[in-house]
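Quick note: the sequence shown uses our numbering, first residue -1, plus one each step. Every residue gets a Cβ at the ideal spot worked out from N, C-alpha and C, and that includes glycine.
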Amino acid sequence: MFRRHHFVAATALSASLLALSALADQGKPTPTTQELLAKSSAAEWRQPDPNNLLVMQLASGRVLIELAPDFTPLHAANIRTLIKQHYFDGLSIVRVQDNFVTQWDDPAGDDGGDPKKIRSLGHAKNTLPPEFTRPIDPKLPWTALPDGDVYAPEVGFSEGFPVARDPASGQEWLTHCYGMVGVGRDNGPETGNGSALYAVIGQAPRRLDRNLAVIGRVLEGMPLLSGLPRGAGPMGFYAKPEQRITIQSVRLAGDLPPAQRPSVEVLRTDSATFADLIETKRNRRDAFYAVPAGKVDLCGVDVPERAAKTAVPVKP
């Protein structure tokens, strides 16, 4: 499995380099993302497991978040428990810090909140092991980026998520790119239990990597989180309760009636089309780009998603 996944990803990227270099030699512009996706095959797309797909409903619309249980399994399980208890229903977006994060949790548990009104976690755990990193798993697909990284010896994509690696320590971790979702915590590394979550809405704060558990990625609805009014309090917290944005509900897609389940699929990051997309980001050539960058950073590559063609069955 290890050799197959690495061989497929490496071969696809090498083929992309050759094909797009040939276009450049002919003076032809590189294809756009839309053109690449239009030519992709159905097999290059995957549908998220409905039991890993969070549906957060705001008054302004729907936010879809895919969990990454292969990287943070304990946090994913605890978040599922909280959701099944309807823990997040009626809680709030309490913090929107410009160029940083949007955070939602129980306002009573924040600084200045009323401890007597803190919502019970029910059957969910109050503390968890950090899960800031995990051992490198050779069975997981891996598509490496060729241009290096400031924060890690290796970076790439695995299962649709941006990932960093350190072969010397044998560890890998999800990274704080735009749209990634992490777990808020106090100073103690075990205090992040998934009851407070945040989404990266600005520049990629990669300095946070390996210091917080990153549990997944927003697939749909980022404008609803990134376009909110900024908080005027310290760290972007809303200074007045009436400024907070109420969360109407959070559900697992697998718990919704079939007709209400989101229809979404994500481009496989071990596919040939994704390899082509990486290369067009690295070496864009058209009427506008006179000088291709020749490089791309991890957080500069978006993983495309679209409406799914068929429904996905729910695992028991």
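Same chain only: Cβ atoms within 6 Å of residue i, ignoring 5 sequence neighbours per side
| i | result |
| --- | --- |
| Pro151 | Asp164 |
| Gly229 | Arg93, Val94, Phe235 and Tyr236 |
| Ala251 | Pro48, Leu51, Val53, Arg259 and Pro260 |
| Gly120 | Gln83 |
| Ala305 | Ser261 |
Separation of residue j from residue i, as counted between CA atoms
| i | j | result |
| --- | --- | --- |
| Val148 | Gln45 | 32 Å |
| Ala270 | Leu35 | 11 Å |
| Asp253 | Pro221 | 25 Å |
| Gly158 | Thr28 | 23 Å |
| Phe272 | Pro113 | 48 Å |
| Ala142 | Val161 | 9 Å |
| Lys126 | Arg78 | Correcting the residue type first, residue 126 is Leu in the shown sequence and not Lys. When rounded, the distance between both Cα atoms is 14 Å. |
| Phe0 | Glu64 | In this prediction, Phe0 has a pLDDT of 35, which is less than 50 and means its spatial position is unreliable; what the coordinates show is noted afterwards. Using only the alpha carbons, I get a separation of about 24 Å. |
| Asp96 | Val289 | 31 Å |
| Asp284 | Thr30 | 9 Å |
| Phe130 | Tyr287 | 38 Å |
| Ala166 | Arg132 | 13 Å |
| Leu296 | Gly88 | 35 Å |
| Val301 | Asn124 | 33 Å |
| Leu195 | Ala57 | 19 Å |
Nonlocal neighbours in the same chain, by C-beta distance under 7 Å from residue i, ignoring five residues either side
| i | result |
| --- | --- |
| Ser90 | Trp102, Pro105, Arg242, Ile243, Thr244 and Ile245 |
| Arg204 | Tyr149, Thr173 and His174 |
Buried or exposed by the 16-neighbour rule on C-beta atoms within 10 Å, applied to residue i
| i | result |
| --- | --- |
| Lys307 | exposed |
| Glu240 | exposed |
| Lys238 | exposed |
| Glu277 | buried |
| Gly200 | exposed |
| Pro67 | buried |
| Pro232 | exposed |
| Asp268 | buried |
| Pro227 | exposed |
Pair within 7 Å by beta-carbon distance, residue i and residue j
| i | j | result |
| --- | --- | --- |
| Arg215 | Met178 | yes |
| Val61 | Gly219 | yes |
| Ala211 | Gly190 | yes |
| Ser247 | Gln55 | yes |
| Glu170 | Ile213 | no |
| Arg280 | Glu42 | no |
Sequence-distant residues of its chain with Cβ nearer than 8 Å to residue i (five each side left out)
| i | result |
| --- | --- |
| Gly59 | Gly219 and Leu222 |
Query - Start-end ranges of the alpha helix (DSSP H) lying completely within the stretch 178 to 251, minimum 4 residues - result: 220 to 224
Requested in this report: Please go through the stretch 44 to 131 and give each complete beta strand (DSSP E) segment of 3 or more residues, from N-terminal end onward.
Outcome: 51 to 56, 59 to 65, 90 to 94 and 99 to 103
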